[in-house]
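Student:
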Amino acid sequence: MDVKTICACLGLSALAVSTSAVAQGTPEQRQACTPDAMSFCGEYIPDAGRVKACLLSKRQRLSPACRAAIGGDEIKPRKQRRKNA
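Sequence positions in the sequence shown follow the numbering used here and run 1308 to 1392.
#1: Determine the burial state of Ser1327: buried for a count of at least 16 other Cβ atoms within 10 Å of its Cβ, exposed for fewer.
#2: Quick check on Pro1342: does DSSP put it in helix, strand or coil?
#3: In the DSSP assignment, find the alpha helix (DSSP H) that holds Leu1363 and state where it starts and stops.
#4: So, helix, strand or coil for Gly1349, using DSSP?
#5: Using 9 angstroms as the threshold, is the C-beta distance between Asp1354 and Cys1373 below it?
#6: Just the Cα atoms here: how many angstroms apart are Gly1378 and Leu1362?
#7: Flag this pair as yes or no: are the beta carbons of Ser1364 and Cys1340 separated by less than 9 angstroms?
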């Protein structure tokens, strides 16, 4: 095995056993986003909260499956405030 493969395996293992289940997301999110987490946010593994924040900040670069899993495909328009005259 090469060094990248070993690092990827260690990173995936660390991500899988991270202590914060809430920050890890659902099994579907983990399955869809693990490759993106390794590619874009590997330096934050095993800190699941920082990985999630990183993924959200790189939403436009994520795979379609990961964007869908974390809700990145939704474009929410900002609510306009009414000015009281």
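Ideal Cβ positions, reconstructed from N, Cα and C, are used throughout, including at glycine.
Tutor: The short version:
#1: Because the pLDDT of Ser1327 is 42, which lies under 50, any placement of that residue in the model is unreliable, and the number read from its coordinates should be weighed accordingly. Looking at its Cβ environment, which holds fewer than 16 other Cβ atoms inside 10 Å, Ser1327 is exposed.
#2: helix
#3: Ala1355 to Ser1364
#4: Reduced to three states, the DSSP call for Gly1349 is helix.
#5: no
#6: 11 angstroms
#7: no
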